Structures are given as C-alpha cells and as structure tokens.
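Q: Numbered by our numbering, the letters in the sequence shown go through residues 11 to 92 in order. Pasting a structure here, questions to come.
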Amino acid sequence: MGDDGPRALSEGLQNNTALTLLYLNQNQIGDAGARALSEALRNNTALTSLWLGYNHIGDAGVQALSEALQINKVIILVLSSL
C-alpha cells in the first residue's frame, strides 16, 4: 500500500459515517501516509479504532497522528512495533 493508499483512504474517511474499525497493519505506510490519515481523523467521527502497527511511521507521522487525536478523542490508535 505504501503512502498512496492512505492518501486515497483519507478522502473517503473524511465523509465516512459507517466504518468503525480500520486495520492497516503491515502496509509499508510511512510519514506521508500517516499525515494523510491524520487529516481525515480530524473530521471523522465514526471511526473508533485504527490499527497501524508494523509500518514505517517515524516521528513526523506519529506527531501528525497525535495532533489529530487531540481533536478526535474517540479513536483507539494501535502503533505496535513501528
């Protein structure tokens, strides 16, 4: 999937009203993909769990996700073995 997949998902997630769990472990997502997802998380209220373990997310990606979760506090984010 790399970083292109999360960019595409981000657009759909911004208007999502049904999807509550998104499992994206082991998809070679990096900082750019994490930043794209973080933009969607700022507006998404349906998603409650996001799994991003075993990807290539560095400090910049984690920072972007952290900032998004300060706005959207209903999400459980799993980042095991980054």
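We put the beta carbon where it would ideally sit given N, CA and C, even for glycine. In this text the structure is predicted, and so the values were computed from the model without any measurement.
(1) In the structure shown, what three-state DSSP assignment does residue 39 receive?
(2) DSSP three-state call for residue 81: helix, strand or coil?
(3) Once the 5 residues before and after residue 78 are set aside, which same chain residues still bring their CB inside 6 Å of it?
(4) Is residue 31 helix, strand or coil by DSSP?
(5) In three-state DSSP terms, what is residue 59?
(6) Straight-line CA distance for residue 58 to residue 87?
(7) Would you grab the beta carbon distance between residue 119 and residue 46 for me? Rounded to a whole angstrom, and I think it's under 8 Å.
A: Let's see:
(1) coil
(2) helix
(3) 48, 51 and 52
(4) strand
(5) strand
(6) 9 Å
(7) Because residue 119 is not part of the residues shown, which for the chain are 11 to 92, the question remains open.
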